[in-house]
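Numbering (the working numbering), first residue to last: 7 to 386.
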Amino acid sequence: MHRMMKIINKRHVDLLVVLLFATLIIPSIYRYCFIDGPDYFAHMRFIEGKAFGDLISLGLPHLTVHYILLNISNVFNVTLNTTFFVFTVLSILGLAIVKVLFVRYSLPNAEKYRVGFLAGITMLMGAIYFPLFNSYSYLGIWSPLAYHNPTSTWLKPVALLTIFIYFKLLDDDRKNIKQSWLLALLIFLGAVIKPNFALCFIPVLFMDMLFRKKVYQGVLIILPTLCVLLGQYLITFAADIEQKSSVVFTLAGPWSVYSNNILGAIIQNLLAPILITYTLFKIEAFSHKYKLIWSIVLVALLQGLFLAESGHRYEGMNFIWGYVVAVDILFLVSVVEFTRNIDSYSSKWKKTVVSILALHAICGLAFIVLTGVGRGPFSV
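Take a look at the structure:
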C-alpha cells in the first residue's frame, strides 16, 4: 500500500504542486463571497429570489449560469454566498488542473515537479503595480490573476480547455470528429457562462480555419455558439427596454475612468509576454500556436478599447473580460514557449525574462495576500 501511494504521488506530483498554488487564492475568494466582494455581491443581488423571466428582464447576457446557481442554492438550502464560494473554488481548482494538463502536453519531457511549478506560478502572476503611479492595483490595469469578477473566474477553466483542445486538433491533421464536437461544446459552454471569450476566440478560430482550408469544419464548430450569442444579444439589448442600453463605439471611454495611462496599463499587464515574444523573434522560434494566442488577446484588447455598453452599464467595462481571460492563457503559453526554447537563450536574456516573470508573480502574490486580509481591488 505504501509503495502504491509513493507511485501515485510521484506520478501526480505536478497536480499536488499546482493545487497547492491554487489554494493560496481561496482566502481571497472567501472574503469576496462572504465579507467584502463588491462584484460578487452585485451578482448575488441580481439573481436572489428571482425567476428565470425576471433575469431575462434584467438583460443579463449570462443569465443561464446565474439561474443554475440560484437553483442549486435552493435545492441544497444553502445561501447564494456559499454556492458562489464553492463554485468559484471549484473553478480555480479546475483551472489549476487544466493548466497542468496543458503543460504536460506542451512539455512532454519535463519533470513532474517542474510541470506543477510552471502551471502553479501562472496561477499567481498579476499585473505589475506601482503604488505611486496607479490609482488601483486591479481596475484599469487588469490582470492574469483569477479574482474579483465571478463569471470570469468560472469561465477561465473552460476557456483554457477550449484552447487546449484546439491545439490538439492543430497537431492532428486527421479529421477528429470527437475533438471537433468537444471543441464546439466547450465554446458553447463558455458563451453560456460569459460571452466575452467566445467573442474574441471565434474570429481568430474562423480565420485560422479559413487559412487552413477547413471552413466547413469551422462553421460547424462555431454555429451553435453564434446562436447563443445572438440570443444573448437580444436578451441583453432588446429586453432591457427600460434602461435603453446598447453597444456603442468609444475610444477607451470606460477604461479611462479607471486609468489615466492606458498604454502604461497594457504594458504593466503584458510586460513578460511582450518580452518573451521579442526574444522568440530573435531566435526565430515564434510558433503558430503562440501567434494564435496573441491574436486572441489583440482581438479582445480591441474590443475592450473600442466597444462599450451605453447607459447604466457604461462604466462596467463588460467588453474587457475577454481580454482578462485571454491574458491568463497568454501568460501560460508564454511560460511554456520560454521553457521550451530556454536552451537557445543567452544567459543575459534568461535572467531578464525570469526576473520579469518573478516581478509579475510577486505583484500577484502581494495582491492575493492583501485581498486575503481585507484590502480588495478598489482599495489596493
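The beta carbon of each residue, even a glycine, is placed where N, CA and C say it ideally should be.
Continuous alpha helix (DSSP H) stretch holding residue i: start and end
i    : result
V121 : 118 to 130
L232 : 221 to 239
E343 : 327 to 346
L313 : No alpha helix (DSSP H) holds L313; the beta strand (DSSP E) holding it covers 313 to 315.
C39  : It is not in any alpha helix (DSSP H) - C39 carries neither H nor E in the DSSP assignment.
F373 : 353 to 378
A133 : It is not in any alpha helix (DSSP H) - A133 carries neither H nor E in the DSSP assignment.
Y264 : 259 to 264
S350 : It is not in any alpha helix (DSSP H) - S350 carries neither H nor E in the DSSP assignment.
A152 : Run containing A152: none; DSSP gives neither H nor E here.
I74  : 69 to 81
F27  : 19 to 29
Residue i classed as buried or exposed, judged by whether at least 16 other C-beta atoms fall within 10 angstroms
i    : result
I41  : exposed
V330 : buried
W160 : buried
F203 : buried
H366 : buried
M10  : Caution is warranted here: a pLDDT of 44 is assigned to M10, below 50, making its placement in the model unreliable, and no coordinate value can be reported.
D178 : exposed
V254 : exposed
P114 : exposed
F82  : exposed
G317 : exposed
V390 : Any property of residue 390 remains undetermined from this structure, which presents the chain solely from 7 to 386.
H439 : Any answer about residue 439 is impossible in this case: the structure gives the chain only from 7 up to 386.
F170 : buried
H8   : Residue placement at H8 is flagged as unreliable, the pLDDT there being 49, under the threshold of 50; the coordinate-derived value follows with that caveat. H8 should be labelled exposed.
W261 : buried
C389 : Any question about residue 389 goes unanswered here, given that the chain covers just 7 to 386.
L136 : Looking at the sequence shown, residue 136 is not Leu but Phe. Answer is exposed; the Cβ neighbour count stays below 16.
K162 : buried
Y239 : exposed
V84  : exposed
S97  : buried
Extent of the continuous beta strand (DSSP E) to which residue i belongs
i    : result
V254 : 253 to 255
L113 : It is not in any beta strand (DSSP E) - L113 carries neither H nor E in the DSSP assignment.
Check whether residue i and residue j have beta carbons under 9 Å apart
i    : j    : result
I4   : L277 : Nothing can be reported for residue 4, as the shown portion of the chain is limited to 7 through 386.
T242 : F312 : no
V342 : S112 : yes
I323 : Y264 : With the sequence shown as reference, residue 323 is identified as Met, and Ile is not the correct amino acid for it. For M323 and Y264, yes; Cβs fall inside 9 Å.
I35  : Y172 : no
F108 : M50  : no
A332 : A165 : yes
T88  : S79  : yes
P370 : L130 : The displayed chain sequence assigns Gly, not Pro, to residue 370. Result yes, Cβ atoms of G370 and L130 sit closer than 9 Å.
I282 : F344 : yes
L363 : I127 : yes
M151 : I374 : The residue you asked about is not Met; residue 151 is Leu in the sequence shown. The answer is yes: Cβ separation under 9 Å.
L226 : S186 : yes
Own chain partners of residue i with C-beta closer than 7 Å, once the 5 adjacent residues on each side are dropped
i    : result
P279 : L336, F337, S340
I13  : With a pLDDT of 48 at I13, under the threshold of 50, the modelled position of that residue is not reliable, and no figure is offered here.
P33  : G378
V221 : M215
S350 : I289, A291
V106 : D20, L21, V24, V121, G122, A125
I368 : none
S158 : K200, W327, V330, V331
W355 : T285
G259 : A314
V95  : I32, I35
Proximal residues to residue i (C-beta, below 6 Å), its chain only, five neighbours per side dropped
i    : result
G310 : F325, I326, Y329
S149 : G132, A133
G224 : F212, M215
L26  : none
D45  : H154, N155
L110 : It should be noted that the sequence gives Arg, not Leu, for residue 110. Only V121 meet the Cβ criterion.
Contacts around residue i, its chain only, beta-carbon distance under 8 Å, and the 5 residues preceding and following it disregarded
i    : result
I228 : A190, I193, I208, L211, F212
H18  : K118
R218 : none
T86  : Rather than Thr, the amino acid found at residue 86 in this sequence is Leu. These residues qualify, in order along the chain: M50, I53, E54, L75, L76, S79.
S251 : G65, T242, F243, E315, S316, G317, H318, R319
T168 : L189, L192, I193, G196, F203, F207
I273 : I280
For this session: Could you name each continuous alpha helix (DSSP H) segment of 4 residues or more that falls completely within the segment 168 to 219, going from the start of the chain to the end?
Result: 183 to 199, 202 to 217
Exercise. In the segment 267 to 298, which residue ranges form an unbroken alpha helix (DSSP H) of at least 4 residues, counting only runs that do not cross its ends?
Worked result: 268 to 288
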